[in-house]
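Asker: 9 is the number of the first residue of the sequence shown in the working numbering; add one for each residue after it.
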Amino acid sequence: MKHLKHDILLMALILLSSFNLVAQNYSGEQKDIDAILKNIENFSQYYMNADYQMLAACYSLDGKIFPNNAQIIEGRDAIEKRWTLPQGVEILKHQVTPIEIKVINEYAYDYGIYEGETLRANGNTITWKGKYVIVWKKVDGEWKIYLDIWNDIKA
9 MKHLKHDILL MALILLSSFN LVAQNYSGEQ KDIDAILKNI ENFSQYYMNA
59 DYQMLAACYS LDGKIFPNNA QIIEGRDAIE KRWTLPQGVE ILKHQVTPIE
109 IKVINEYAYD YGIYEGETLR ANGNTITWKG KYVIVWKKVD GEWKIYLDIW
159 NDIKA
C-alpha cells in the first residue's frame with residue numbers, strides 16, 4: 009500500500025510538471041480586473057474573427073502599438089491597418105495569458121505571454137509565442153489599451 013501511494017504521488021508530480029503553469033498576480037478592484045480580462049478575451053476573439061474594426065476599438069483614440077522590429081504605430085486607423093491580415097491568411101488561435109495585472113487609479117498595466125497559430129495563404133500553418141506589456145487607460149468608464157508592446161519568443 010505504501011508503494012502504491014508513492015507511485016500515485018510520483019505520477020501526480022510528473023503530470024503537474026508537464027503543464028505550462030503561470031502564476032497570476034492581480035491587484036486592484038475586482039470589477040476592473042474582470043473588465044480587463046474580458047477585454048483581453050474579446051481582443052483575441054476579434055483577431056480570430058478578422059473583425060479588425062472591433063479589434064482597433066479596443067485601443068484608446070491615442071493608443072499606440074510597438075510591434076516587434078517595427079516603428080511605433082499611433083491612432084486607431086493606423087492600428088487597424090497594422091492588424092489587418094492579407095487575403096487568405098487566418099488566425100486559428102490567439103491566446104493571451106496575463107501573469108500580472110495591476111490597476112492604479114485610471115490606469116492599469118498587464119504583462120504576460122501570448123501564443124497562437126496562423127494559417128498562411130499557401131495552406132501552411134505556423135505557431136508563435138511571445139511576451140507582452142500593455143498599459144490600459146480608463147476612458148469614459150471603459151478600459152482601453154493605451155500602449156501595447158510585444159516581442160516574439162524564439163523556440
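For every residue, glycine included, the Cβ atom is placed at its ideal position computed from N, Cα and C.
#1: One question on the structure: do E98 and N33 come within less than 8 Å of each other, judged by their Cβ atoms?
#2: Going by DSSP, what residue range makes up the alpha helix (DSSP H) through D40?
#3: Can you say whether S68 is buried or exposed, counting buried as having 16 or more other CB atoms within 10 angstroms of its CB?
#4: Taking the alpha-carbon positions, what's the D156 to G120 distance?
#5: Rounded to the nearest angstrom, what separates N50 and K39 at their Cα positions?
#6: What number of angstroms, rounded off, separates the C-alpha of Q79 from the C-alpha of K89?
#7: Can you tell me whether L63 is helix, strand or coil according to DSSP?
#8: Measuring CB atoms only, is the region 128 to 141 touching the region 50 to 67, in the sense that at least three cross pairs come out at less than 8 Å?
Answerer: Let me spell this out:
#1: The beta carbons of E98 and N33 sit no closer together than 8 Å.
#2: Unbroken alpha helix (DSSP H) run through D40: Q38 to M56.
#3: A residue is called buried when at least 16 other Cβ atoms come within 10 angstroms of its Cβ; S68 meets this threshold and is buried.
#4: For D156 and G120, the distance between alpha carbons rounds to 12 Å.
#5: The straight-line gap from Cα to Cα measures roughly 16 Å.
#6: Computed Cα separation, rounded: 14 Å.
#7: Residue state, collapsed to three classes: helix.
#8: The region 128 to 141 makes no contact with the region 50 to 67; the number of CB pairs closer than 8 Å stays below 3.
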